[in-house]
Amino acid sequence: MRDNSLKSVPDNLEAMRKFSEIYAKRTGTFFCSDVSVTAVVIEGLAKHKDNYGAPLCPCRHYEDKLKEVSNTYWNCPCVPMRERRECHCMLFLPKDSEFASESQKLSSKILREVIN
Ligand code: SF4
1 MRDNSLKSVP DNLEAMRKFS EIYAKRTGTF FCSDVSVTAV VIEGLAKHKD
51 NYGAPLCPCR HYEDKLKEVS NTYWNCPCVP MRERRECHCM LFLPKDSEFA
101 SESQKLSSKI LREVIN
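All residue numbers for the sequence shown refer to this note's numbering, where the first residue is 1 and numbers rise by one.
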């Protein structure tokens with residue numbers, strides 16, 4: 001049976017999937033060759049958006065997530081990514097990264113398959 005507390009997640013999941021594709025294209029970065037890395041990070045961003053109203057980076061530990069959201073530093077795309085193209089989650093990888101694929105696309109179908 002479906003958990004209704006997660007009802008709005010699919011919308012945010014799709015929003016974050018689209019954001020990731022557009023932002024990768026805009027920054028000339030690429031998704032990881034291991035699609036599960038990309039999918040899990042996108043899902044984490046969507047869950048944070050669902051629970052805290054902003055896509056707080058899912059790859060860090062926070063004492064107080066609401067406070068971090070209002071600080072905005074780690075809201076995706078975070079300051080290190082915007083300033084230096086550094087994404088420690090490996091969602092946005094430079095072309096020459098050994099982990100980068102040649103893709104800036106991840107279909108909703110594959111995303112859902114991987115996280116389900
Ligand atoms: Fe987004 Fe920055 Fe986290 Fe990468 S490291 S997923 S750009 S918030």
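Here a beta-carbon is modelled for each residue, glycine too, at the ideal position from N, C-alpha and C.
Rounded Cβ spacing between histidine 48 and proline 55 (contact assumed at less than 8 angstroms): Right, their Cβ atoms sit about 6 angstroms apart.
Minimum C-alpha distance to methionine 81 - residue among Lys18, Thr29, Asn12 and Leu13: Thr29
The segment 105 to 114 contacting the segment 83 to 91, beta-carbon criterion three pairs below 8 angstroms: no
Cβ distance (whole Å) where leucine 93 is taken to contact serine 20 below 8 angstroms: With 8 angstroms as the limit, leucine 93 and serine 20 do not qualify as a contact, their Cβ atoms being about 12 angstroms apart.
Beta-carbon proximity check, alanine 100 vs serine 33, cutoff 8 angstroms: yes
Heavy atom of ligand 1 within 7 angstroms of phenylalanine 92 beta-carbon: Yes, ligand 1 has a heavy atom inside 7 angstroms of this Cβ.
Distance between asparagine 75 and glutamate 68 (C-alpha atoms, nearest Å): 8 angstroms
Residues near threonine 27 by beta carbon distance below 7 angstroms, same chain, minus five either side: Arg85 and Phe92.
Within 8 angstroms, strictly: CB atoms of valine 40 and isoleucine 115: It is a contact, given that the beta carbons lie within the stated cut-off.
Exposure label - glycine 44; buried when at least 16 CB within 10 Å: buried
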